[in-house]
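Protein sequence lines correspond, in order, to chains C and D. Residue numbers for the first sequence follow my numbering, beginning at 122 and rising by one. Residue numbers for the second sequence follow my numbering, beginning at 5 and rising by one.
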Amino acid sequence: MSSVMDPTKVTYLRPTSVAEAVDALRTSDGARPIAGGTDLMVQVRLGRRRPDTVVDLSAVDGLAELSEERIGAGVTMRRLLASEHAAAAWPALVEAARLLGGRQIQAMATVGGNLCNASPAAESATPLLVHDATARIAGPDCVRAVPLEEFWSGPGQTVLGPGELLIAVTLPATAGRSAYRRIELRRSVDIAVVSAAARLEIVDGAVAQARVAIGAAAPTPRRVVAAEQVLEGVAVGPDLERAINQAAVLAGDACVPIDDTRATARYRTAMIPVLVSRALAACVP
Amino acid sequence: MTDHDATPDLTGPDLSESYALSINGRDREVADAWLGESLLYVLRERLGLPGSKNACEQGECGSCSVMMDGLLVNSCCVLAADAVDADVRTVEGLAPDGTLTDVQQAFLDAGAVQCGFCIPGLIVSVHDLLDRAPQPDELEVREAISGNLCRCTGYGRILQAVQDVAAARTAADAQEDRP
Ligand SMILES: Cc1cc2nc3c(=O)[nH]c(=O)nc-3n(C[C@H](O)[C@H](O)[C@H](O)COP(=O)(O)OP(=O)(O)OC[C@H]3O[C@@H](n4cnc5c(N)ncnc54)[C@H](O)[C@@H]3O)c2cc1C
Ligand code: FES
Ligand code: FES
Numbered sequence: 122m123s124s125v126m127d128p129t130k131v132t133y134l135r136p137t138s139v140a141e142a143v144d145a146l147r148t149s150d151g152a153r154p155i156a157g158g159t160d161l162m163v164q165v166r167l168g169r170r171r172p173d174t175v176v177d178l179s180a181v182d183g184l185a186e187l188s189e190e191r192i193g194a195g196v197t198m199r200r201l202l203a204s205e206h207a208a209a210a211w212p213a214l215v216e217a218a219r220l221l222g223g224r225q226i227q228a229m230a231t232v233g234g235n236l237c238n239a240s241p242a243a244e245s246a247t248p249l250l251v252h253d254a255t256a257r258i259a260g261p262d263c264v265r266a267v268p269l270e271e272f273w274s275g276p277g278q279t280v281l282g283p284g285e286l287l288i289a290v291t292l293p294a295t296a297g298r299s300a301y302r303r304i305e306l307r308r309s310v311d312i313a314v315v316s317a318a319a320r321l322e323i324v325d326g327a328v329a330q331a332r333v334a335i336g337a338a339a340p341t342p343r344r345v346v347a348a349e350q351v352l353e354g355v356a357v358g359p360d361l362e363r364a365i366n367q368a369a370v371l372a373g374d375a376c377v378p379i380d381d382t383r384a385t386a387r388y389r390t391a392m393i394p395v396l397v398s399r400a401l402a403a404c405v406p
Numbered sequence: 005m006t007d008h009d010a011t012p013d014l015t016g017p018d019l020s021e022s023y024a025l026s027i028n029g030r031d032r033e034v035a036d037a038w039l040g041e042s043l044l045y046v047l048r049e050r051l052g053l054p055g056s057k058n059a060c061e062q063g064e065c066g067s068c069s070v071m072m073d074g075l076l077v078n079s080c081c082v083l084a085a086d087a088v089d090a091d092v093r094t095v096e097g098l099a100p101d102g103t104l105t106d107v108q109q110a111f112l113d114a115g116a117v118q119c120g121f122c123i124p125g126l127i128v129s130v131h132d133l134l135d136r137a138p139q140p141d142e143l144e145v146r147e148a149i150s151g152n153l154c155r156c157t158g159y160g161r162i163l164q165a166v167q168d169v170a171a172a173r174t175a176a177d178a179q180e181d182r183p
């Protein structure tokens, strides 16, 4: 057995503040933050990433804060699962946290790591999209805010520049129910084949606001605005059932998936409407 | 720069020095080591605690499961640095040397052990489960051990062993409560 990382080749830094972390990231072009390590340790071991400096975020002050409208990048899935506020305010996110890995992984896996790893299948991505999350980013020059739907630029890619760090996501107080559905090959040690999150805010018997997002169906997790539009304004009842079917079809149209070991593109495209209608149905009181 | 103490203001003490980990209630010195190593590597290769197994080193199989500050984790994905200041409990710390816990005994009695490679991790996970939920239903047990892969048994006897322990503990508690 060899150590995952080689100390003669990798520098280990453990900053205690955001400013120090940003400085630490700038010490080398090959620097990489590490949070829970459940993605990075595996990627290093498989040779997919070779950081020359790892910047451990676990001691950074304030990164693991969880409040009513803010989820620190260092908040773990287990913290979300234990939070009454999260369960009440962001049910889709908590459902996704429950599906991410087994208990061992949930104890370490962070929201920031999940978003920054930028898998098209990232579990927390679509729930945060339907809750209108904003990414808070700290860098060498400033702190900036990016709507989460603009946070990813491709598979494994984010808009984070050199020395930039995701600090938190902030969420406006959103009303209504949200839900998350996915298809997986194996329940706890596999990522989603496809996934969908939805949120419906219903006021006076009609949909006041709708959100639909799909995962593992395109190069990045994405919102499907066309599907949202056919839902908004529709009265609960048969009209909404029809609109949900329409939204599901539109979500299928928004898919640009790939073939991989888990499923074919065709299967993914066929399953997205199923998941979207299930997620939407779960949002109707 | 590849020197790992190149920026001492960020790292504090020289990281190639010794550091201490609290393992099974004892402080253990780790000498001439590097904090970027995985906790599993430190346990097995530096501290001579081979109970936690290295099967996949990818977070998939749970055979390296340990408790860290009361949370079940895969030690192959944890940096040794994150375990400094934490209370780490490994399978070796569950029972005094030469004795077995009720969970270990139940696994043997139920015939839940074949090649045995997954068993230390499962034992740690099951202790964690029964501490949280003394009378788990089958779904809870399956959820609790879903991060532990066993390639031999098909899990049936493992599930049986867990129920046997839960029943035995409940019976023992009832006995104690009797006036
Ligand atoms: C067995 C197993 C099962 C899994 N199952 C799932 C699953 O079902 N669904 C799923 O979505 N994922 C799954 N994962 C992947 C992983 O656990 C999650 O993506 C997790 O949330 C990553 O968080 P982390 O804190 O461990 O990230 P790390 O591994 O620490 O980091 C991940 C990446 O993000 C970067 N990073 C981390 N934090 C920041 C930050 N604040 N700012 C900038 N960059 C940052 C790192 O440099 C790295 O590139 C699984 C992993 C394993 C091993
Ligand atoms: S060796 Fe750690 S999970 Fe398999
Ligand atoms: S007994 Fe062989 S892997 Fe479980």
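Backbone N, C-alpha and C fix where the C-beta goes; we use that ideal spot for every residue, glycine too. Owing to the predicted nature of the structure, the values given are computational and were not obtained by experimental measurement.
- Uninterrupted alpha helix (DSSP H) stretches at least 4 residues long and entirely within the stretch 185 to 253 of chain C occur at 198 to 203, 205 to 210, 212 to 220, 224 to 229, 232 to 238 and 246 to 251, given in chain order.
- The closest CA to that of C:L184, considering only C:G277, C:T137, C:R307 and C:S204, is found on C:T137.
- For D:L76, at least one C-beta of chain C is nearer than 7 angstroms to its own C-beta.
- D:R155 has its Cβ nearer than 6 angstroms to a heavy atom of ligand 3.
- Among the CB atoms of chain C, one or more fall inside 7 angstroms of the CB of D:L39.
- Closer than 7 angstroms to the CB of C:A228 there is at least one CB belonging to chain D.
- Annotated as distal: D:C65 and D:S56, with beta-carbon spacing of 7 angstroms or more.
- Placement of the Cβ of D:S42 at a distance of 6 angstroms or more from every heavy atom of ligand 2 is found.
- By the Cβ-count criterion, C:S274 is exposed, with fewer than 16 other Cβ atoms from all chains shown falling within 10 Å of its own Cβ.
- Contact with chain D is absent for C:Q164, since none of that chain's Cβ atoms lies less than 7 angstroms from the residue's Cβ.
- Per DSSP, reduced to three states, the secondary structure at C:L287 is strand.
- Those residues that have a beta carbon less than 5 angstroms away from any non-hydrogen atom of ligand 1 are, in order along the chain, C:R153, C:P154, C:I155, C:A156, C:G157, C:G158, C:T159, C:D160, C:L161, C:A194, C:L221, C:G222, C:I226, C:A230, C:T231, C:G233, C:G234, C:N235, C:C237, C:N238, C:A243, C:E244, C:L286, C:L287, C:V310, C:I312, D:G63 and D:E64.
- A distance criterion of 6 angstroms places the beta-carbon of D:Q164 beyond contact range of ligand 3, judged by its closest non-hydrogen atom.
- Residues of the stretch 43 to 68 of chain D that bring their beta carbon within less than 7 angstroms of a beta carbon in chain C comprise Y45, R48, E49, N58, E61, Q62, G63, E64 and G66, in sequence order.
- Across the set D:L47, D:E144 and D:A110, the C-alpha of D:L47 shows the shortest separation from the C-alpha of D:S26.
- Within the same chain, Cβ atoms closer than 6 angstroms to the Cβ of C:A218 are found at M198, L201 and L202, the five residues on either side in sequence being excluded.
- For C:E205 and C:C404, the gap between their C-alpha atoms comes out near 19 angstroms.
- Short of 6 angstroms from the beta carbon of C:V324, and not among the five residues preceding or following it, lies no beta carbon of its own chain.
- Listed in chain order, the positions of the stretch 323 to 341 of chain C with a beta carbon within less than 7 angstroms of a beta carbon of chain D would be empty, since no residue qualifies.
- In the DSSP annotation of this structure, the continuous segment of the beta strand (DSSP E) that includes D:D31 starts and ends at R30 to V34.
- At a cut-off of 7 angstroms, the C-beta of D:S22 has no neighbouring C-beta in chain C.
- Sixteen is the threshold: since fewer than 16 other Cβ atoms of the shown chains lie within 10 Å of the Cβ of D:L143, the residue is exposed.
- One finds nothing in chain C with a Cβ atom closer than 8 angstroms to the Cβ of D:A110; even the nearest lies about 20 angstroms away.
- Using beta-carbon distances, C:Y301 does not count as an interface residue toward chain D, since no partner is under 7 angstroms.
- The CB of C:T159 comes closer than 7 angstroms to the CB of G63 and C81 in chain D, given here in chain order.
- Close to D:A137, with beta-carbon spacing below 9 angstroms, lies no residue of chain C; the smallest spacing is near 12 angstroms.
- Secondary structure note for D:D91: its beta strand (DSSP E) is the uninterrupted segment D91 to R93.
- Measuring C-alpha to C-alpha distances from D:G158 to each of D:C119, D:A170, D:A87 and D:V128 identifies D:C119 as the nearest.
- Among the bridge pairs identified by DSSP, C:I258 is matched with C:R265 and C:L287.
- Within 10 angstroms of the beta-carbon of C:L167 lie fewer than 16 other beta-carbons, which makes it exposed.
- Interface annotation, C:V196: not in contact with chain D, CB-CB separation never under 7 angstroms.
- When only Cα atoms are considered, C:Q330 and C:L187 end up about 25 angstroms apart.
- For D:Q118, the CB falls within less than 6 angstroms of some heavy atom of ligand 3.
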